[in-house]
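Residue numbers (this note's numbering), protein chains in the order written: chain A, 991 to 1326; chain B, 1111 to 1419; chain C, 69 to 421.
In structure tokens:
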């Protein structure tokens, strides 16, 4: 059980600034997601928490105590690797037992710990099998069991399900969420998939080239992005960000002072037949339909529920849902 | 349609910190020193001895060889030693014939073996046998084969329809031919094995892509397969060039370097000077000269390989 | 610019049937996706169209011409491999020129056509770069350009987006589609991702275990899946299928769904066991609804909420608008399914009724 805090942490690798003055707090028992593109610093944060790297400046606290002098082994933080790193020559049971056996813990305690963890992860029935005979999801759970069996204060996962196919990812992320709730431990989770991040996380940090751009619950970040960057990272299709000059074409007023661009989520764009924009493309996806619109040469996307009858080439009038317009200044910062 | 898109940076491993590098250096230092010692000690000793007129018969231990200091005299002698130059020249001839023949035979076999055909496994194992024969044994084998009353002449008699009694091993030109044949027999399999490994590792889908783009076999071979094998080809040739410089066992057993000095390669020459004339200071000088030549060959190969990557 | 006809096409590998009796006609200029899980036979089909693999039986025809036995170099197909198979030891220019050189096209002509295609694909500034180390979207464009420059009549693509980051896939999808529109070639696209198939293809051929299950436009396969496999495979999440039994006699038959309640009144001819299917997106929250299930998990993903539901052995998923008030985990969710959204399947054959 532990909270994890970064206080103004900076980390360089040679010339590269991997983390630039990063601060955040992860509360105890949270499912915290680090989200950003490749090389934005997510993996560096994990290494710093584990103690595999030392910060050049700033401080890392686990459970309120600075850990700069605590060795990786003493931090008692577990890690589930992207490739899971299960030992292929051992059964699932031996894989799970491994960390305890290595520490010379007595057999009775090991048995109790293993059965406790395997109950919570629902892997009791597959423990006798070697990893090669397990499905992707089962291997995942065994790897998590191995990480949790030694009762770490927190555990970290580096993009653990990106290798699975789309359908299995949808199932696995719900399963991960359930596991985290049942186990009740702080989980720091790295992903570059926005849908996955929003699905699993209690709290998340959006990173860009070593800097934290925004921290909050997925819903806060989705509804109130503080910059065009965060706005563009969450949601698919991404938020439309267009010049303020087009606001009137969507029946909006001038917006707050200093507004340079207007942001509208595709699902907040209402479309009706009439003059205004032209439909460039219709993508019917069954449950919803995505329209690509051409508004005076600017491309916009709208997502509609169901299967409305629009065809490419039609003219439509656009309107933005009440109170759902976002305004950004010239530097891309959100205006209240 | 296609807007320019920010390319996702390819994930590069984050650079090790200098601290880690230092730690790594400390941890491997003992092993590195040991390797350095093993490699450097004989070379230093060799340089030292080569500057003296020392011989084990002089009755003084090698480390006191400075008492027989002659400076660069051994090297001066070497430069004017016709037997050395002829041995070196002969070694180069052997190399210039053996390496290309082995390379093209090996490449041909590799092309054959890269695809499946019935009986491939058996033939494959058979082809590798020569490599596993002890060179001395191979030497005796060819020694027997090339006797004037041996199987090679018998076979030729069969074709000629009259008895053939060529003195393979006592005619200076034919003797060189015979030892070259034995070397090719023994080492083509290694070349084949290395080249086959290289050929198999050329990505299959790239070859498929070339075929689908209409490339003929030859075009595909010369534009995709060969360029992608460049590194391994350089390695294979470098190994054989260096090994050929050191060729000894089968040559010595078949001809003893003879008749006269007709098959005396550099190794056989060194051996003779060491064992029969016992002038070790001089031997050290020869060996050092060869080492320098081979180092240049290796450096060239490594340089080429870097270029290929 | 070629019509592809597959007739009774099949391929066995020893005892294993990779593809059984496939019949499919792909119109000139059409974009058809072969969609299915790994091992469904989609790649086998494509490899046979390309000529990398000979069929065990049946025929492949291009514009009516039988292609069986025609070597792949002579079929005039462009193939984009899963990992693009770029010649990394060559420059971008040499990659683009490769096919033209192989066909013995003149120097000036090669320069002109390579220049054109590079311009079209925005590769011009990169022409003299070595192909090794280029980013994945550029590799994709290069792979397409390399195939397109020889003007094949058919384009085949083997899961070209499977190695691409999730965030980047959407961009690549729209780029690919745009390119196909420009080249107007007949396109066969293999994928296991239903979203790729739905967003790009004119028609989707859904396959499983070596069999072609259904062919239709994206909306046809979404709205009227031929069987339960297609129903589950298309859509994210896929269609819910609850086993039930028709009860209620002649007056107003309903499907009894046990612990989950019942379907509500339906016009039905069937009796006995049946599979009750509905799309997660078409559910209506309804405090008086005939269906009630417990919420086991609730995912809030931007504009939508995915509820995971359970009642007895029944499992279902529901997608709600992010704006509607959603029940919490552990609560009971009551809902109804409009009759026009109900899809029924035979409990034994799993075929649509």
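Glycine residues also receive a C-beta, built at the ideal position from the N, C-alpha and C atoms.
Spatial neighbours of residue 418(C) within its chain, please: CB distance less than 8 Å, with the 5 preceding and 5 following residues excluded, ordered by chain position.
295, 296, 297, 343
So residue 1231(A) and residue 1253(A) are supposed to be a Cβ contact under 8 Å. How far apart are they, rounded?
Right, the Cβ-Cβ distance comes to about 5 Å (below 8 Å), so this counts as a contact.
Please state the DSSP three-state secondary structure of residue 180(C).
helix
Which term fits residue 1170(A), buried or exposed, when burial requires 16 or more other beta carbons within 10 angstroms of its beta carbon?
By the 10 Å Cβ count, residue 1170(A) comes out buried.
State the CB to CB distance for the pair residue 1015(A) and residue 1201(A), rounded to an integer number of angstroms; the pair is presumed to be in contact (CB under 8 Å).
Not confirmed; about 17 Å, so no contact.
Which runs of the alpha helix (DSSP H) fall wholly inside the region 250-284 of chain C and span at least 4 residues, in chain order?
262-268
In angstroms with no decimal places, state the Cα-to-Cα distance between residue 286(C) and residue 265(C).
8 Å
Using the C-alpha atoms, what's the distance from residue 1076(A) back to residue 1181(A)?
21 Å
Here's a check: name, in chain order, each residue in its chain whose Cβ is nearer than 7 Å to the Cβ of residue 163(C), leaving out the five neighbours to either side.
154, 155, 199, 210, 214
For residue 1276(B), which of 1354(B), 1399(B), 1328(B), 1260(B) has the nearest alpha-carbon?
1260(B)
For the region 1165-1236 of chain B, which segments carrying the alpha helix (DSSP H) assignment without a break, of at least 4 residues, lie completely within its bounds, in sequence order?
Secondary structure remark: continuous alpha helix (DSSP H) runs of at least 4 residues inside the region 1165-1236 of chain B, in chain order: 1183-1189, 1192-1224.
For residue 1360(B), report the span of its alpha helix (DSSP H) as first-last.
Its alpha helix (DSSP H) spans residues 1359-1365.
Pick from 1212(B), 1191(B), 1251(B), 1148(B): whose alpha carbon is nearest that of residue 1346(B)?
Closest by alpha carbon: 1212(B).
Neighbour-count burial assignment, residue 252(C), 16 or more Cβ in a 10 Å radius:
exposed
How is the alpha helix (DSSP H) around residue 1250(B) delimited, first residue to last?
For residue 1250(B), the uninterrupted alpha helix (DSSP H) segment begins and ends at 1245-1255.
Given a limit of 9 Å on CB to CB distance, which residues of the region 1270-1292 of chain A reach chain C?
1271, 1273, 1274, 1275, 1276, 1277, 1278, 1280, 1282
Got a sec? Which residues, its chain only, sit under 7 Å from residue 247(C) by beta carbon, not counting five neighbours each side?
The answer, listed in chain order, is 212.
With 8 Å set as the bound, which would you pick, yes or no: does the beta-carbon of residue 1030(A) sit closer than that to a beta-carbon of chain C?
no
Among the residues of its own chain, which have a CB less than 7 Å from the CB of residue 354(C), if the five just before and after it don't count?
402, 403, 404
Ordered along the chain, which non-local residues of its own chain (more than five positions away) have a Cβ less than 6 Å from that of residue 357(C)?
402, 403, 404
Take the Cβ of residue 128(C) as the centre, count every other Cβ of all protein chains shown within 10 Å, and call the residue buried at 16 or more, exposed below.
In the assembly as shown, residue 128(C) is a buried residue. Its beta-carbon has 16 or more other beta-carbons within 10 Å.
For residue 1314(B), the first and last residue of its enclosing alpha helix (DSSP H)
1314-1322
I need the DSSP call for residue 1213(A), collapsed to helix, strand or coil.
helix
Give the DSSP-derived three-state secondary structure of residue 1188(A) in the structure shown.
helix
Output yes if chain B places a C-beta closer than 8 Å to the C-beta of residue 420(C); else output no.
no
Is it buried or exposed, residue 1154(B), if we count other Cβ atoms within 10 angstroms and call 16 or more buried?
Residue 1154(B) is exposed by the Cβ-count criterion.
According to DSSP, what are the bridge partners of residue 1001(A)?
1009(A)
Is residue 1204(B) near residue 1357(B), with beta carbons less than 8 Å apart?
yes
Can you name the start and end residues of the beta strand (DSSP E) that residue 1321(A) belongs to?
From DSSP, residue 1321(A) is part of no beta strand (DSSP E); its letter is neither H nor E.
Would you mind stating whether residue 1307(A) and residue 1266(A) have Cβ atoms separated by less than 8 Å?
yes
Under DSSP, the alpha helix (DSSP H) around residue 1127(A) begins and ends at which residues?
1126-1138
Euclidean distance between Cα positions of residue 268(C) and residue 289(C):
14 Å
Which residue wins for smallest C-alpha separation from residue 1173(B), given the options 1251(B), 1192(B), 1189(B), 1152(B)?
1152(B)
From this set, 141(C), 149(C), 193(C), which residue's C-alpha is nearest residue 170(C)'s C-alpha?
141(C)
Is residue 1099(A) closer than 8 Å to residue 1328(A) when the C-beta atoms are compared?
The question about residue 1328(A) has no answer, for chain A in this structure spans 991 to 1326.
May I ask you to verify whether the region 1048-1067 of chain A touches the region 1110-1130 of chain A, counting CB pairs closer than 8 Å and requiring at least 3?
no
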